[in-house]
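What follows is one structure encoded as structure tokens, with my remarks underneath.
In the UniProt record's numbering, the protein residues as written are 1 to 380.
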């Protein structure tokens, strides 16, 4: 009797084990069929189906625009921690178990976007380089994306001015192509005007200090200083030596970028999110650029210090320059506007002459024109 009972229990136990094993095999095959979206060469041949609670394209774009750099890194770390295989890279973001995680991250992304917006608004409201806070009597020319203004303090040289973007941005590399072209047009006009200040062969030195994308306070400016031809010949060697000594030996970016050798501008060489110092000698005279890793080792008046040393200016002119009186500023503005108007008129005449020349070149000569008679031919 006991043997019969034990035998029945054993058979029942084996049947239950077999049923459980069959269920496990079925669930394994189902999950394998669901997650196997790749072919034999590792290429994905089909994509997983979207769940009912997934975001729309407009919602994902809005969510991506709200993300900051820190929130993006946190999201990347969370996704990388859940990655287990090739198929998980495409499936992890669509499973229903991530709904709770998305509900936690969504308020955080919104708060990060609000904080970033408040920081940017505060920086723009207190920025002395923005056009709204620049004295209007110092603004010489305003274009669609850039404006030209004079310094409120003592100038390093006659014609000392600033090219500033209308948008509050920390580097010229983050502006669009149209803004860069406007800045280049300002540079060409200022180089032509330098000959009126310093004589034939003179040009301008253009210096820019760009900050990293995480800095909202800095508003980039291109500082323009007209110099004579003799001074322009000496400046490249001085700036090269000073920029090579800039920073420490432990910096990641110690290389000095020679713009003349590469034949390109800073916008095509340095990434938009990097901070740098750049100096250009004229429009086509080349220049140097260097990425700034540690701002604590970068002097705030680096370019002015090097240029003042070559020009023989005292440290009071560039370290803590004094503000000029209203009468001195008025004379400086009137003198600059006289030269600027003559340069703009010459540029307009050159453009008109070029347009007439191009239009005349498209008209064929009279000898080559064969005029056809109008109307029917007359009888003999």
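A virtual CB, placed ideally from N, CA and C, is assigned to each residue, including glycine.
Evaluate residue i with the Cβ neighbour count: other Cβ atoms within 10 Å of its Cβ, from every protein chain shown; 16 or more gives buried, anything less gives exposed.
| i | result |
| --- | --- |
| residue 227 | buried |
| residue 168 | buried |
| residue 268 | exposed |
| residue 264 | exposed |
| residue 114 | exposed |
| residue 187 | buried |
| residue 230 | exposed |
| residue 178 | exposed |
| residue 219 | buried |
| residue 367 | Reliability fails at residue 367, whose pLDDT of 46 lies under 50, so the model's placement of it is uncertain and the value that follows must be treated cautiously. Looking at its Cβ environment, which holds fewer than 16 other Cβ atoms inside 10 Å, residue 367 is exposed. |
| residue 334 | exposed |
| residue 327 | exposed |
| residue 337 | exposed |
| residue 121 | exposed |
| residue 223 | buried |
The beta strand (DSSP E) spanning residue i covers which residue range?
| i | result |
| --- | --- |
| residue 287 | 287-291 |
| residue 236 | Here residue 236 belongs to no beta strand (DSSP E); instead the alpha helix (DSSP H) covers 229-244. |
| residue 280 | 276-281 |
| residue 139 | 139-142 |
| residue 305 | First-last for residue 305: 302-311, but that is the alpha helix (DSSP H), not the beta strand (DSSP E). |
| residue 148 | 146-149 |
| residue 210 | 203-210 |
| residue 269 | First-last for residue 269: undefined, no H or E at that position. |
| residue 216 | Taken as a continuous stretch (DSSP letters only), residue 216 belongs to no beta strand (DSSP E), as it is neither H nor E. |
| residue 162 | 161-165 |
Can you list, in chain order, the residues of its chain with a C-beta nearer than 6 Å to that of residue i? Leave out the 5 residues immediately preceding and following it.
| i | result |
| --- | --- |
| residue 304 | 318 |
| residue 217 | 123 |
| residue 158 | 197 |
Taking 8 Å as the cut-off, decide whether the C-beta atoms of residue i and residue j are in contact.
| i | j | result |
| --- | --- | --- |
| residue 162 | residue 149 | yes |
| residue 138 | residue 329 | yes |
| residue 387 | residue 310 | This structure gives no information on residue 387, because the portion of the chain shown stretches from 1 to 380. |
| residue 339 | residue 193 | yes |
| residue 288 | residue 245 | no |
| residue 315 | residue 154 | no |
| residue 221 | residue 129 | yes |
| residue 147 | residue 209 | no |
| residue 170 | residue 215 | yes |
| residue 243 | residue 256 | yes |
| residue 308 | residue 156 | yes |
| residue 207 | residue 279 | yes |
Measuring straight from C-alpha to C-alpha, what distance separates residue i and residue j?
| i | j | result |
| --- | --- | --- |
| residue 165 | residue 145 | 6 Å |
| residue 57 | residue 213 | 27 Å |
| residue 189 | residue 312 | 26 Å |
| residue 274 | residue 211 | 7 Å |
| residue 291 | residue 282 | 21 Å |
| residue 196 | residue 60 | 56 Å |
| residue 241 | residue 200 | 28 Å |
| residue 204 | residue 297 | 27 Å |
| residue 299 | residue 183 | 25 Å |
| residue 295 | residue 239 | 19 Å |
| residue 185 | residue 284 | 13 Å |
| residue 286 | residue 260 | 4 Å |
| residue 119 | residue 111 | 12 Å |
| residue 136 | residue 344 | 20 Å |
| residue 116 | residue 191 | 39 Å |
With a threshold of 8 Å on Cβ separation, who are the neighbours of residue i within its own chain once the five nearest residues in sequence on each side are excluded?
| i | result |
| --- | --- |
| residue 293 | 247, 251, 252, 253 |
| residue 332 | 150, 155, 324 |
For residue i, I'd like the list of residues in its chain whose CB is within less than 7 Å of its CB, leaving aside the five on either flank, ordered along the chain.
| i | result |
| --- | --- |
| residue 301 | 318, 319 |
| residue 151 | 160, 162 |
| residue 270 | 173, 276, 289, 291 |
| residue 31 | The predicted model places residue 31 with a pLDDT of 45, which falls under 50 and marks its position as unreliable; any figure quoted below should be read in that light. Closer than 7 Å at Cβ, skipping near neighbours: no residue. |
From which residue to which residue does the alpha helix (DSSP H) around residue i run?
| i | result |
| --- | --- |
| residue 186 | 177-198 |
| residue 174 | Counting along the chain, residue 174 falls outside any alpha helix (DSSP H), and DSSP gives it neither H nor E. |
| residue 262 | 259-262 |
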